[in-house]
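Asks: Below are the structure tokens for one structure; questions will follow.
If you want it as structure tokens, here you go:
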């Protein structure tokens with residue numbers, strides 16, 4: 056008997072099972088008809104094609120009696136084929152539901168996926184691609200969360216740990232081989248033990264939405280390993296699942312989240328709402344383009360056939376369109392409410408705030424998030440730049456948003472690694488160490504909004520930052536032209552790996568200085584997975600397409616001392632919270648104790664021109680009102696290649712951190728008003744004698 060569609064209802068969008076049947080609802084403002092295509096269990100044979108019978112407020116909808124979870128389906132949209140007007144409807148192309156929770160099939164690049172004839176782009180390609188296309192599967196929520204609750208880590212206590220789900224455990228011999236490189240691998244006790252040993256509070260996962268490899272990469276036998284090429288914003292990537300216990304990718308992800316939450320570790324997702332995997336006007340028709348190209352993407356008003364490209368990936372999702380904004384909001388809310396994630400990092404985030412005249416911090420998306428009872432309660436982190444006009448927006452996001460702070464990154468690299476015109480002064484260092492008040496305090500935003508990092512997935516690893524002067528990206532197939540050419544790195548005298556003990560000692564010392572600066576600075580620190588192990592990517596600073604040993608963390612070569620060092624620094628941050636989450640004034644209290652004082656190596660207060668210039672960069676920071684300590688703290692830094700004496704303030708001091716030592720540990724203690732010898736390229740943290748700390 057042929058299935059029959061009833062009118063159903065226009066909400067919620069996507070496929071929704073109610074126990075008796077499935078309601079289908081899909082947005083398209085310009086389609087003239089919408090077909091629901093049903094497939095066999097293998098997802099290859101189209102068994103029925105039914106026209107959605109109702110159309111309400113630009114939503115096509117219908118209700119299929121008796122349909123149940125497991126049903127595989129796709130969509131076909133009919134309408135104008137007028138690329139010159141931005142309309143690219145082609146009923147010969149099966150389309151993925153933008154709200155698909157689970158995607159069926161393995162995508163292969165074939166000409167049949169393109170809506171236009173590739174030889175004659177203005178002509179429609181009339182070949183049917185249904186047998187090859189990705190499809191959607193109806194799902195039902197039956198996962199047992201067993202009372203799972205979000206850890207709700209306070210911002211002042213948050214330590215971010217950016218990782219790739221596959222790369223993190225793929226080579227870890229302590230993780231069973233069947234689980235390595237998967238959601239289950241990240242949730243394995245060996246992975247959890249490492250995270251707990253470090254003391255990180257929140258893992259920030261590179262994209263887990265289902266994504267596609269670009270055609271160019273596929274042609275070279277490469278993949279988009281990072282995953283910044285999303286097609287399905289509600290579906291967990293099957294590439295990152297191992298199928299443990301027969302779980303679907305969606306439920307394996309949920310099991311991972313539940314396990315991490317049980318250890319009080321938050322899960323944040325890197326999300327890519329600036330573009331889709333359909334690329335520019337020469338790209339395939341897989342979902343959004345075929346459903347309503349003119350609505351989903353931004354087009355120059357004077358040239359509707361073209362695509363605005365603020366992402367660098369060929370297209371830009373049009374968040375100005377209410378239904379596209381709804382897609383983004385629904386996806387975010389789904390990942391919080393049904394997948395239990397604790398926040399998001401937004402790739403090229405200014406795109407989300409672009410109105411008709413550039414970036415608008417009070418735009419519709421930010422307003423929608425601020426009033427949303429679910430999303431307003433989770434962590435929102437912006438990568439505050441895109442490649443469009445006025446796209447650099449560091450410091451420009453609304454209150455409540457954290458931002459990746461590349462000012463911190465570049466200043467700290469310049470301060471510790473450079474000794475020429477690119478070196479940074481004490482003034483630069485102090486400003487970034489204290490949460491970049493020039494960017495955030497004047498906007499009445501808290502210090503914690505500054506996400507401080509020296510290394511992220513995008514660029515050199517920490518080990519490579521002190522091992523290479525130049526990028527070495529030949530494996531990417533672009534003749535070493537890709538990746539940033541200005542890295543503020545230092546190879547310490549030899550390019551690449553070496554057995555020279557002096558070079559390696561210097562590299563280790565610089566790594567520790569950079570780590571300590573990042574993890575102790577005011578703001579929210581971010582550590583990139585593998586940096587605490589000394590992981591190298593062989594000088595590749597753009598390994599987005601390297602799904603191999605270049606990017607996978609090599610646990611067998613892990614630097615145990617560096618792991619212990621990182622854990623100790625984070626323990627100090629946790630116990631002392633050196634800078635707190637409040638802005639400092641430099642003024643004294645009723646007892647005459649300054650909340651923050653900056654000191655010259657002579658022990659005198661730094662003033663005037665002494666802040667600038669690179670003739671001397673040794674610096675002391677006396678914190679009179681630390682976050683959790685009962686006594687003052689003293690941070691001393693010496694970025695120079697020579698030792699320096701520093702005249703200590705009055706009191707009795709004990710050192711709790713010295714980055715000149717491989718594990719950072721030191722037993723030094725002594726009287727103030729006397730000189731303390733600072734090793735070259737080092738940082739020390741001192742507390743009042745008698746302060747009790749635990750490791």
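Numbering (the numbering used here), first residue to last: 56 to 750.
For each residue, glycine too, the CB sits at the ideal point set by N, CA and C.
Quantities reported herein were computed from a predicted structural model and do not represent experimental measurements.
#1: Following the continuous alpha helix (DSSP H) through residue 198, name the residue where it begins and the one where it ends.
#2: Would you grab the beta carbon distance between residue 376 and residue 392 for me? Rounded to a whole angstrom, and I think it's under 8 Å.
#3: Quick one: what does DSSP say residue 103 is sitting in, helix, strand or coil?
#4: For residue 363, which residues from the same chain have a beta carbon less than 7 Å from its beta carbon, with the 5 sequence-adjacent residues on both sides left out?
#5: Starting from the C-beta of residue 284, find all residues in its chain whose C-beta is less than 6 Å away, skip the five residues before and the five after it, and write them out in chain order.
#6: Quickly, what does DSSP pair residue 732 with across the bridge? List them, please.
#7: Counting only the same chain and skipping the five closest in sequence on each side, list residues whose C-beta sits under 8 Å from that of residue 505.
#8: Can you give me the C-alpha to C-alpha distance between residue 93 and residue 141, rounded to a whole angstrom?
#9: Are there three or more Cβ pairs, one per stretch, closer than 8 Å when the segment 566-574 is compared with the segment 619-626?
#10: Does the count of Cβ pairs from the segment 273-281 and the segment 406-421 closer than 8 Å reach three?
#11: In angstroms, rounded to a whole number, what distance separates the CA positions of residue 467 and residue 562?
#12: Specify whether the segment 103-116 and the segment 151-160 touch according to this definition: at least 3 beta carbon pairs, one from each stretch, less than 8 Å apart.
#13: Within its chain, find whatever has a CB closer than 7 Å to the CB of residue 640; leave out the 5 residues flanking it on each side and keep chain order.
#14: I'd like the list of long-range same chain contacts for residue 719, defined as Cβ closer than 6 Å, with 5 residues on each side in sequence excluded.
#15: Where residue 482 and residue 369 are concerned, what is the direct C-alpha to C-alpha distance, given to the nearest angstrom?
#16: Would you mind giving the Cβ-Cβ distance between residue 317 and residue 307, rounded to the nearest angstrom? I have them listed as a contact below 8 Å.
#17: Can we say the segment 736-748 touches the segment 589-609, given the rule of at least three CB pairs closer than 8 Å?
#18: Within a Cβ cutoff of 6 Å, which residues of the same chain sit near residue 127, ignoring the five residues on either side of it in sequence?
#19: For residue 265, report the span of its beta strand (DSSP E) as first-last.
#20: Is it buried or exposed for residue 434, if we count other Cβ within 10 angstroms and need 16 for buried?
#21: Could you give the first and the last residue of the continuous beta strand (DSSP E) run that contains residue 303?
#22: Any beta-carbon of chain B closer than 9 Å to the one on residue 391?
#23: Run through the segment 217-296 for me and flag every whole beta strand (DSSP E) of 3 or more residues, listed as ranges in chain order.
#24: Over what stretch of residues does the alpha helix (DSSP H) that includes residue 525 continue unbroken?
#25: Check whether the segment 337-347 touches the segment 130-144, counting contact only when three or more Cβ pairs, one atom from each stretch, lie closer than 8 Å.
#26: Closer than 8 Å by C-beta to residue 559: which residues in its own chain qualify, once you throw out the five before and the five after it? Chain order, please.
#27: Does the beta-carbon distance from residue 219 to residue 250 come in below 9 Å?
#28: Could you give the first and the last residue of the continuous alpha helix (DSSP H) run that contains residue 350?
#29: From residue 310 to residue 301, what does the alpha carbon distance come to, in whole angstroms?
#30: Pick from 413, 119, 590, 431: whose alpha carbon is nearest that of residue 227?
#31: Starting from the C-beta of residue 198, find all residues in its chain whose C-beta is less than 7 Å away, skip the five residues before and the five after it, and write them out in chain order.
#32: Measure the beta-carbon distance from residue 216 to residue 258 and round it to whole angstroms, keeping in mind my assumption that it falls under 8 Å.
Replies: Based on what the coordinates show:
#1: From DSSP, residue 198 is part of no alpha helix (DSSP H); its letter is neither H nor E.
#2: About 23 Å separates the two Cβ atoms, so there is no contact after all.
#3: strand
#4: 353, 354, 355, 371
#5: 266, 267, 332
#6: 700
#7: 457, 458, 460, 463, 490, 491, 494, 495, 577, 578, 579
#8: 28 Å
#9: yes
#10: no
#11: 15 Å
#12: no
#13: 650
#14: 620, 623, 712
#15: 41 Å
#16: Not confirmed; about 16 Å, so no contact.
#17: no
#18: 94, 98, 159, 190, 192
#19: 264-266
#20: buried
#21: Careful: residue 303 lies outside any beta strand (DSSP E) and carries neither H nor E.
#22: The structure shown has no chain B; it contains just one protein chain.
#23: 257-260, 264-266, 285-291
#24: No alpha helix (DSSP H) holds residue 525; DSSP gives it neither H nor E.
#25: yes
#26: 553
#27: no
#28: 343-351
#29: 12 Å
#30: 590
#31: 306, 309
#32: 5 Å
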